[in-house]
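Following: one structure in structure tokens, then a few remarks.
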Amino acid sequence: MTSHEYTVPADGLAAAEGSVPEPGAVTIVVPTFNESANIRHLLRQITASVPARLPCEVVFVDDSTDDTPEVIRDAARDCAFPVAVLHREEPAGGLGGAVVEGLRAATSDWIVVMDGDCQHPPSLVTELVATGERRGAGLVVTSRYIAGGSRAGLAGGYRVAVSRGATWLTKALFPRRLRGISDPMSGFFAIRRSAVTADVLRPLGYKILLELAVRNRPRQVAEVPFVFQDRYAGESKSSAREGFRFLRHLAGLRTASPVARMIGFGLIGASGFVPNLVGLWALIALGVHYVPAEILANQLGVAWNFLLIEHLLFRDRRGHRRWWDRLGRFALLANADLVLRIPLIALFVDRLGMGVLAATALALVTTFLLRFAGTEALVYLPRRKPAR
Ligand code: GDD
Ligand code: MN
């Protein structure tokens, strides 16, 4: 856990507000990063539309470097419902990490996650919860892409195109887990507390709904159309850096199972032929004899593969060894693969009487599987948890 300036005691919000004995029926979780100019307007909007219909509490999870926490505490005095600020000194996981902290702190049966810049209309909060109750859903998502929804507030053709492309890619990668979710990029949704298993979540940046839908798999999903509003004040915190984080997040989610990881490993391995051949061509053009050139060029392919698997496949499992230790082991495995292949082919041909092509194919598959298993076990095996 990161170090927090906790305004919320570990036993929940109800205890934080002595005057409010019961937790609300909905906990509204709002991640904030330098949103001081939006807080009052947001709390006014919530006041106008939520508490009369549904008891609520609001948890801000704040990573700001400005005075947002003070503004929240000050504005909270005018609210008839509990408002808490959980300020994180260390913003692990960014926006998604903040939301998960909020999910952990929530005490109500329903949790609604929404942005702090008023792009998500609080008037929909009660409808989200009501829809979930009526349909027996574990997750209710607001969508810009169903009848009645629109992305009015998404500024500029460039952002619209990026958002559309990201939505398409994400749906293509997770056709089953995202069935029934037309807007997996949405940051505005309601989830039953019982549908959240915070311990398996590995949030990375903006797309926390995607993380929840893929790893927590709520049993029933419903959608409500919504119009993405304009920002009330300030500017968006998303950036090109967030875009790359999103791609890493997608890769991590997609390769969470061993089979998917093996396919990724194979694809990365195949892509390694490109630097290998380019290196070979360059070395021979420089006049290097082809045998040392082959060996050197192969190391280029190994380095390429290592970089890609480090960043795309085993990102979460790099902490167990130092990078040079991992690189050394990985390079050893890759070269052992090459050294092993010829004797293995000879064995298949001479001893088992196989044809040369079949023997070569079998040797390739065998060494591939060995290299994958070796990489999992010898390079990235997580340390055993100490027994309690
Ligand atoms: N705690 C915390 N930490 N909050 C953050 C961080 C962070 O690192 N980064 C952003 N936020 C907060 C912002 O303060 C805001 O309340 C909310 O998260 C959304 O951030 P924006 O910067 O306003 O995002 P956006 O408008 O570009 O993107 C929104 O729309 C997308 C759909 O187009 C978000 O709702 C996305 O989740 C959504 O996918
Ligand atoms: Mn926004």
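Heads up: the sequence shown runs through residues -5 to 382, numbered per my numbering. Glycine included, every Cβ here is placed at the ideal spot set by N, Cα and C. Since this is a predicted model, take the numbers as computed values, not measurements.
- Query: With burial defined as no fewer than 16 other Cβ atoms inside 10 Å of the residue's Cβ, what is the status of residue 101: buried or exposed?
  - Reply: In the sequence shown, the residue the question calls residue 101 occupies position 107. Its Cβ being crowded by 16 or more others within 10 Å, residue 101 is buried.
- Query: For residue 56, is the beta carbon positioned less than 7 Å from some heavy atom of the ligand MN?
  - Reply: Walking along the sequence shown from the start, residue 56 turns up at place 62. Residue 56: no, Cβ never under 7 Å from the ligand MN.
- Message: Cutting at 6 Å between CB atoms, please list the residues of its own chain near residue 182, excluding the five before and the five after it.
- Response: Looking up residue 182 in the sequence shown gives position 188. So the qualifying residues of the chain are 108, 114, 136.
- Give the range of the beta strand (DSSP E) segment to which residue 370 is assigned. By 1-based counting over the sequence shown, the position of residue 370 is 376. Looking at the DSSP string, residue 370 is not in any beta strand (DSSP E), and its letter there is neither H nor E.
- Host beta strand (DSSP E) of residue 54 (start-end): Taking the first residue of the sequence shown as position 1, residue 54 is located at position 60. Run containing residue 54: 50 to 56, per the beta strand (DSSP E) assignment.
- Tell whether a beta-carbon distance below 8 Å holds between residue 86 and residue 77. As a working note, residue 86 is residue 92 in the sequence shown. As a working note, residue 77 is residue 83 in the sequence shown. No, they are not a contact pair.
- Item | Alpha-carbon spacing of residue 235 relative to residue 305, whole angstroms | Position 241 of the sequence shown, counting from 1, holds the residue named residue 235. Position 311 of the sequence shown, counting from 1, holds the residue named residue 305. Distance between the alpha carbons of residue 235 and residue 305 is about 15 Å.
- Task: Say whether the segment 211 to 225 touches the segment 192 to 200, bearing in mind that this needs 3 or more beta-carbon pairs closer than 8 Å, one atom from each stretch.
- Result: no
- Item | Nearest-angstrom beta carbon gap, residue 24 and residue 50 [assumed within contact, 8 Å] | The residue labelled residue 50 in the question sits at position 56 within the sequence shown. The residue labelled residue 24 in the question sits at position 30 within the sequence shown. Their Cβ separation, rounded to whole angstroms, is 12 Å, which puts residue 50 and residue 24 out of contact at 8 Å.
- Item | Sequence-distant residues of its chain with Cβ nearer than 6 Å to residue 119 (five each side left out) | Here residue 119 is taken as the residue at index 125 of the sequence shown, counted from 1. Answer for residue 119: 44, 106, listed in chain order.
- Task: Determine the DSSP secondary structure at residue 15, reduced to helix, strand or coil.
- Result: Residue numbering aside, residue 15 sits at position 21 when the sequence shown is read from its first letter. In this prediction, residue 15 scores a pLDDT of 37, lower than 50, which makes its location untrustworthy; the coordinate-derived value is nonetheless stated afterwards. The answer is coil: DSSP assigns residue 15 none of H, G, I, E or B.
- Item | Any non-hydrogen atom of the ligand MN closer than 7 Å to residue 30 Cβ | Here residue 30 corresponds to residue number 36 of the sequence shown, with the count starting at 1. No, the Cβ of residue 30 stays beyond 7 Å of every heavy atom of the ligand MN.
- Item | Cβ-based burial, residue 59 [other Cβ within 10 Å; buried from 16] | Start at 1 with the first residue of the sequence shown, and residue 59 comes out as number 65. With fewer than 16 other Cβ atoms within 10 Å, it is exposed.
- Query: Cα separation between residue 373 and residue 99?
  - Reply: Numbered from 1 along the sequence shown, position 379 holds the residue referred to as residue 373. Numbered from 1 along the sequence shown, position 105 holds the residue referred to as residue 99. Approximately 36 Å, taken between the alpha carbons.
- Message: Any residue with its Cβ nearer than 6 Å to a heavy atom of the ligand FAD should be included. What is that list in chain order?
- Response: Ligands displayed in this structure: the ligand GDD and the ligand MN; the ligand FAD is not among them.
- Message: Pairs of beta-carbons, one from the segment 238 to 253 and one from the segment 161 to 168, closer than 8 Å: are there three or more?
- Response: yes
- Message: Using the three-state DSSP reduction, which class does residue 306 fall into: helix, strand or coil?
- Response: One-based indexing of the sequence shown puts residue 306 at position 312. Looking at residue 306 - three-state DSSP - the assignment turns out to be helix.
- Task: Measure from the alpha carbon of residue 75 to the alpha carbon of each residue in 103, 46, 91, 57, then state which is nearest.
- Result: Taking the sequence shown and counting its residues from 1, the one referred to as residue 75 is at position 81. Out of 103, 46, 91, 57, 46 has the C-alpha closest to the C-alpha of residue 75.
- Message: Among 357, 315, 348, 289, whose alpha-carbon lies nearest the alpha-carbon of residue 329?
- Response: Your numbering for residue 329 matches position 335 in the sequence shown. It is 289 whose Cα lies nearest to the Cα of residue 329.
- Message: Tell me the rounded alpha-carbon separation between residue 110 and residue 366.
- Response: Numbered from 1 along the sequence shown, position 116 holds the residue referred to as residue 110. Numbered from 1 along the sequence shown, position 372 holds the residue referred to as residue 366. Their backbone Cα atoms lie some 44 Å apart in a straight line.
- Identified DSSP bridge partners for residue 144: Here residue 144 is taken as the residue at index 150 of the sequence shown, counted from 1. 221.
- Whole angstroms is fine: what's the gap from residue 369's alpha carbon to residue 208's? Along the sequence shown, one-based indexing puts residue 369 at 375. Along the sequence shown, one-based indexing puts residue 208 at 214. Each residue's alpha carbon lies about 26 Å from the other.
- Query: Measuring CA to CA, which of 273, 177, 259 is closest to residue 359?
  - Reply: The sequence position of residue 359 within the sequence shown is 365, counting from 1. Cα-wise, what sits closest to residue 359 is 259.
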